[in-house]
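Colleague: Pasting a structure below so you can have a look.
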């Protein structure tokens, strides 16, 4: 009996120790379970956050790709616009250059016409001064025109056509203006209904007098005769149309 009591007491103490130890273990397990639950909750929260972050990353990457494509499209369109603008600018430049050349051509022609008009006015003024107000003077097709009556301008001696005294005086005064305006050509055109040789000779007689008496350069003079009802002679002072035509053709051809 004495032996069992200590054993019983030892067993009782051991049981209490184990019970206390078991209680502590249960508390630890409970604490660990609580921590585990907390960790699980945090893990789930973290996983959700990670998934959300991954979704955001995917969205951002997609947006970046869209932005890159948009930027590329904008850059392509900008290059096309720049190219189109460059081509348009080049076209406008060429058009302006062409317009400037055309304007220069028109100005040159206008200046030429104005210069000729000025010369024509001066010729008319000089002719009226030297020939008198009663002389038949006008302008026709760009030429200053002097009209002579063949009956009073010409006489005849031994069936030879020659200038009358009045005709010589008139041609002498006319030659002053012709000599003064030495850039102009002179066309003598005699008309009559008698014969070709008759009217041609009248034109030649005036031409000879201008050259021999008026000291007019022969190369400036063109004398012709034409059959017509009127018995008159036209003396025309005009630009050298052949040279003027060549100048005008080169002006248009070369663009300057």
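In mature numbering (1 follows the signal peptide of the UniProt record, and there is no 0), the protein residues as written are -19 to -1, 1 to 237.
The C-beta atom is built at its ideal place from N, Cα and C for all residues, glycine as well.
Small disclaimer: the values here were computed from a predicted structure and weren't measured.
1. Can you have a look at residue 215 and say buried or exposed, based on whether 16 or more other CB atoms are within 10 angstroms of its CB?
2. Using the Cα positions of residue 209 and residue 123, report the straight-line distance between them to the nearest angstrom.
3. Residue 131 and residue 156 look like a contact to me (Cβ under 8 Å); what is the Cβ gap, rounded to whole Å?
4. Tell me whether the region 179 to 187 and the region 98 to 107 touch, counting them as touching only if at least three CB pairs, one residue from each stretch, are closer than 8 Å.
5. State yes or no: is the C-beta of residue 192 within less than 8 Å of the C-beta of residue 202?
6. Does the distance from the CB of residue 135 to the CB of residue 183 come in under 8 Å?
7. For residue 239, count neighbouring C-beta atoms within 10 Å of its own C-beta (all shown protein chains included) and say buried if the count is 16 or more, exposed if not.
8. Counting only the same chain and skipping the five closest in sequence on each side, list residues whose C-beta sits under 6 Å from that of residue 119.
9. By Cβ distance, which residues of its chain are closer than 8 Å to residue 145, with the 5 residues on each side in sequence left out?
10. In whole angstroms, what separates the C-alpha of residue 61 from that of residue 70?
11. Mind reading off the beta-carbon distance from residue 159 to residue 197? Whole number of angstroms is fine, and I expect it under 8 Å.
12. Tell me the residue span of the beta strand (DSSP E) that contains residue 203.
13. Tell me whether residue 41 is buried or exposed, calling it buried when 16 or more other Cβ atoms sit within 10 Å of its Cβ.
14. Take residue 218 as the anchor and find which of 9, 166 and 200 has the nearest alpha-carbon.
15. When you compare the CB positions of residue 111 and residue 154, do they come within less than 8 Å of one another, or not?
Modeller: Judging by the given coordinates:
1. buried
2. 23 Å
3. The pair is not a contact, with the Cβ atoms about 19 Å apart (cut-off 8 Å).
4. no
5. yes
6. When the beta-carbon positions are compared, residue 135 and residue 183 come within less than 8 Å of each other.
7. It is not possible to answer for residue 239, since the shown part of the chain is limited to -19 through 237.
8. 126
9. Result list for residue 145: 133, 134, 135 and 136, in chain order.
10. 14 Å
11. 6 Å
12. Its beta strand (DSSP E) spans residues 202 to 208.
13. exposed
14. 166
15. yes
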